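Asker:
2 protein chains.
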Amino acid sequence: MAGSARTTPTLVDTVSSAITERIAGRQLMPGARLPSVRAFAESMGVSKSTVVEAYERLGAEGAIVARRGSGFYVAGKTRPLCLKEIGPQLDRAVDPLWITRQSMQSGPELLKPGSGWLPSSWMPEEAIRRALRHIARDADSNVICYDKPLGFPPLRSQIARRLADKGVEAEADQIVLTDSATQAVDLLCRFLLDPGDTVLVDDPCYFNYHALLRANRAKVVGVPFTPAGPDVAQLERLIVEHRPRFYLTNSALHNPTGATLAPVVAHRVLKLAEAHDMLIVEDDIFGDLEADPAPRLAGFDGLDRVISVGSFSKTLSASIRCGYIALRPDWVEGLIDLKLALSLGNGHLSATLMHRLITDGAYRRHLAEIREKLARAMGETARRLERCGLTIWTEPRGGLFLWARLPDGLDSADVARHALARDVVLAPGAAFSAETGGREFLRFNVAHCADPRTFSVLEDAMAAV
Amino acid sequence: MAGSARTTPTLVDTVSSAITERIAGRQLMPGARLPSVRAFAESMGVSKSTVVEAYERLGAEGAIVARRGSGFYVAGKTRPLCLKEIGPQLDRAVDPLWITRQSMQSGPELLKPGSGWLPSSWMPEEAIRRALRHIARDADSNVICYDKPLGFPPLRSQIARRLADKGVEAEADQIVLTDSATQAVDLLCRFLLDPGDTVLVDDPCYFNYHALLRANRAKVVGVPFTPAGPDVAQLERLIVEHRPRFYLTNSALHNPTGATLAPVVAHRVLKLAEAHDMLIVEDDIFGDLEADPAPRLAGFDGLDRVISVGSFSKTLSASIRCGYIALRPDWVEGLIDLKLALSLGNGHLSATLMHRLITDGAYRRHLAEIREKLARAMGETARRLERCGLTIWTEPRGGLFLWARLPDGLDSADVARHALARDVVLAPGAAFSAETGGREFLRFNVAHCADPRTFSVLEDAMAAV
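As you go down the protein sequences, you meet chains A and B in turn. Note that UniProt numbering has the first sequence beginning at 1, numbered continuously upward. Note that UniProt numbering has the second sequence beginning at 1, numbered continuously upward.
1) Under 7 Å Cβ-Cβ, which residues of chain A neighbour residue 276 of chain B?
2) So is residue 29 of chain B buried or exposed if we call it buried at 16+ other beta carbons inside 10 Å?
3) Below 7 Å between beta carbons: does that hold for residue 323 of chain A and residue 311 of chain A?
4) Of the residues that make up the segment 149–164 of chain A, which ones have a beta carbon closer than 7 Å to any beta carbon in chain D?
5) Quick one: any contact between the segment 216–225 of chain B and the segment 165–180 of chain B, if contact means 3 or more CB pairs under 8 Å?
6) Let me confirm a value: residue 102 of chain B is counted as buried when at least 16 other C-beta atoms fall within 10 Å, else exposed. Which label applies?
7) Note down, in chain order, every chain B residue with its Cβ under 7 Å from the Cβ of residue 57 of chain A.
8) Taking only the alpha-carbon atoms, compute the straight-line gap between residue 111 of chain B and residue 423 of chain B and give it to the nearest angstrom.
9) Nearest to residue 80 of chain B by alpha carbon, out of A/155, A/10, A/188, A/425?
10) Are residue 152 of chain A and residue 431 of chain A close, meaning C-beta to C-beta below 7 Å?
11) Is there a Cβ of chain B sitting closer than 7 Å to that of residue 189 of chain A, yes or no?
12) With distances taken Cα to Cα, identify the nearest neighbour of residue 260 of chain A among A/10, A/294, A/231.
13) Assign residue 438 of chain A to one of two classes, buried (16 or more other C-beta atoms within 10 Å of its C-beta) or exposed (fewer than that).
14) How do the segment 245–253 of chain A and the segment 268–283 of chain A stand: do at least 3 beta-carbon pairs fall below 8 Å, yes or no?
15) Just the Cα atoms here: how many angstroms apart are residue 392 of chain A and residue 258 of chain A?
16) Run through the segment 306–365 of chain A for me and flag every whole beta strand (DSSP E) of 3 or more residues, listed as ranges in chain order.
17) Would residue 136 of chain A and residue 321 of chain B qualify as a contact pair, given that the criterion is a beta-carbon distance under 7 Å?
18) I want to verify the contact list: residues of chain A whose CB lies under 9 Å from the CB of residue 469 of chain B, in sequence order.
19) Quick check: the Cα distance between residue 107 of chain B and residue 445 of chain B, rounded to an integer number of angstroms?
20) For the structure I just gave you, are there three or more beta carbon pairs, one from the segment 355–373 of chain B and one from the segment 155–162 of chain B, closer than 8 Å?
21) Find out if the Cβ-Cβ distance for the pair residue 296 of chain A, residue 166 of chain A is shorter than 7 Å.
22) Beta-carbon of residue 123 of chain B versus every beta-carbon of chain A: anything under 7 Å?
23) Cβ of residue 407 of chain B versus every heavy atom of the ligand GDP: is any distance shorter than 6 Å?
24) Checking 7 Å against the spacing of the C-beta atoms, do residue 204 of chain B and residue 412 of chain B come in under that value?
25) Name the residue from A/193, A/36, A/118 whose alpha carbon lies nearest to the alpha carbon of residue 313 of chain A.
26) Are the C-beta atoms of residue 35 of chain A and some chain B residue less than 7 Å apart?
27) Is the segment 139–155 of chain B touching the segment 343–352 of chain B in the sense that three or more CB pairs, one from each, lie closer than 8 Å?
28) For a contact meaning CB atoms closer than 7 Å, what does residue 211 of chain A contact in chain B?
29) Distance, Cα to Cα, residue 124 of chain A vs residue 131 of chain A?
30) Am I right that residue 265 of chain B and residue 229 of chain B are in contact with their C-beta atoms under 8 Å? What's the rounded C-beta distance?
31) I want to verify the contact list: residues of chain A whose CB lies under 7 Å from the CB of residue 82 of chain B, in sequence order.
32) Please decide whether residue 337 of chain B counts as near chain A, where near means a Cβ-Cβ distance under 7 Å.
33) Pull the bridge partners of residue 428 of chain A from the DSSP assignment, please.
34) Can you have a look at residue 10 of chain B and say buried or exposed, based on whether 16 or more other CB atoms are within 10 angstroms of its CB?
35) Just list the residues that DSSP pairs residue 403 of chain B with in beta bridges.
36) What is the C-beta distance between residue 466 of chain B and residue 197 of chain B, in whole angstroms, given that I count them as a contact (C-beta under 8 Å)?
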């Protein structure tokens, strides 16, 4: 082979390149059968032995595969899905996948004003340990078996009661438990979307929505966001242009801006959804941190076109996984079939623990306490940021987040890189905004901003870029 | 409108029907814009007012939607995915979705020889309660925060050790925790498959694979199964014909047959996988019930083309969700990105509990005990079934399942219907076999066959059909 390659190098090269180009240009797709040696030799005007040699060379390189008795094929995709490659290529400092991992992995030596959750010390650890002991003792608790298809009935009743407090009327049988709000949104994607469907998100929005929707092969379109909710005129234009299957949003304590949906905007959004046959997935993950519940789309709409999602990860524990979906009654059966097919159901122990924590009063007391602490931290952090020269985009009614604009057109990714070098993890705006709009912003978690070093490092980083 | 409809009923009807047919025939897809009134009137040779009326009628019926200023559109799909409708239409008695729900919902009054798991009374409840108390007391246990991206490191080390006992060499960093084996297989589907890709499964196989793969929009092809593993000649033929992305199988204690893969078959399967660039997902969910581990594909292959999946749902608890994936090191990062994007990670509390149960010796003792009980129940159940006139397809080396053929060509779905009317839930073969091959078979869970009524009801049902 090597000898013959030396005598006719040019022809074999030409034939090999012709095939490689067709594969690269997707004229020959992975798995496609190559032309027979004879046919290809004729079409290229070369000898059959030249084609055989080219095929063998490509086979050795792994570009094509010989199958006994049936010819040569373009090598299949051995590589699996890579989320990083199907989205925009992002610098680490603004890569949502990396920010999520960093928040989960980093040790206590880091300051994390960019974190998406409360510090452990703010969480009701003693109450959780008490609930664990209670379940361990309670002979009636099920620590063995799968949960019921919809999920632990007493917890669903409690969630229905809590939703009612927010103006969302739902029977317990309209509530389906999941293992987290993220898993709930994912399950809804699989319930509602065909590959290539469009989903609207807020711009800016929670950064993981982009990765989650990309993994569901959805086309993601951002709706410009205002302190009162989505920009309704833009929303209508984008609905007409993209005919989205659903709009995914946080109505209460929006991530990352902390904004609250105004009732007049809510009404207009619902009218548009109805006129254009669009669904809405309302992720209420931070809702329990509100002191006085603002209106929910799911409440105005009566869970007709709106599906409500929530969990306890941000308020009780992210170690114990438990979330839920509230939706129209006629869709519950189909959703359960899908849930069981994909996971055999939610974790029963987690559901039991959450139920215990809600009903023994610990959750109510804990919420009252952290709301107060958050309100204090919010005011304090806003003042400190303003002193550093940042502008608060809107004053949140509660929750964890402040969305703040850097002065002088500074790029928040550059600032974040500098801060990270000094062990302060920031959350730069570009991670939250598919467009370029977020570039001058940072999201601050006020519960992680008590240490004055946060602000000195921020000021140094701003000066350094 | 009603008046004008009466004056030109035929023309409006004709125009309406023409549109309805185009929608039904998918010439007009959901969301497509209809022709303008003028253009359509000209093409149909009718007046514009006739078209307007037809459009309005279709609008009132919900088939099309008017959008202000931009014309008429085919109504979008309001209905979400329905697994029941995208698979074959099945009678309830053989519908996997229904069997799963029935097993989860039914109370203690039912006998469940068709169940897929052990009776609660066989599970190590006291050890689990002890582990709960231990975690509650242990100040170092994390009951608050998200797990690490790969999952609790000490549990991954333990799983690596357990895999090594089965001949599968894996570093702890090749192991990714999930919330169940089902969720693990689903995550791999999303990692490996494009919509429309083909997946091979055994025929018969665990019934939920069909629903899970359908929900992932895969094309599912069954490989005829023998007591030594898949029929290798048929496997090769199907690989050549369908070019599957992966083959999903249980090597040890196959569900539903209880068969064990023979080494010679394992070797041939791996050679085929390599020659045809196919991956293998080996679901080892019942593996811990083996006394002496049989060879695993993942062991022979060194986790190159084979990905191994497992969990503790069948041996410790299904209330505490915890599973895992072991795969080649260069794919771990991509899989973790996907895992975090879709769920924000596995449940840390569950992982901690599983780790505690494995390391305190409870799991080892429990396994030894249930293996012995299962072996006794297996022999006893086989004898009783043979006395009822059934034939055991293969004698399992362990585990829960016996795959038994009814005499005289009896249809197991009919037998199952009769038995269900007398509170005995059977698992008819058609649920496990996409083709018709399973129709004469039933899967028996020997741990649920202690009650003699199981067999008297079975005999009555066989006599009644």
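By construction, the Cβ of each residue, glycine as well, lies at the ideal position given by its N, Cα and C atoms. Given the structure is predicted, the values throughout are model-derived calculations rather than measurements.
Answerer: With the given structure in hand:
1) 67
2) Counting Cβ neighbours within 10 Å, residue 29 of chain B comes out exposed, since fewer than 16 surround it.
3) yes
4) In the structure shown, chain D does not exist; the protein chains are A and B.
5) no
6) buried
7) Within 7 Å Cβ-Cβ: nothing; residue 57 of chain A doesn't reach chain B, min ~18 Å.
8) 6 Å
9) A/188
10) no
11) no
12) A/294
13) Buried, since its Cβ has 16 or more Cβ neighbours within 10 Å.
14) Touching, yes.
15) 11 Å
16) The qualifying runs are 306–311, 323–326.
17) Taking a C-beta distance under 7 Å as the contact criterion, residue 136 of chain A and residue 321 of chain B do not qualify as a contact pair.
18) Since the first and last residues shown for chain B are 1 and 465, residue 469 of chain B lies out of range.
19) If I take the Cα positions, the gap works out to 17 Å.
20) yes
21) yes
22) yes
23) In terms of ligand content, the structure shown is empty, and the ligand GDP therefore cannot be addressed.
24) In this structure, residue 412 of chain B does not lie closer than 7 Å to residue 204 of chain B by Cβ.
25) A/118
26) no
27) yes
28) 341
29) 11 Å
30) 4 Å
31) Neighbours of residue 82 of chain B on chain A, chain order: 334.
32) Contact of residue 337 of chain B with chain A is assigned, a C-beta pair being separated by under 7 Å.
33) A/442
34) exposed
35) Answer by DSSP bridge pairing, in chain order: B/443.
36) Shown here, chain B extends from 1 to 465; a query on residue 466 of chain B therefore has no answer.
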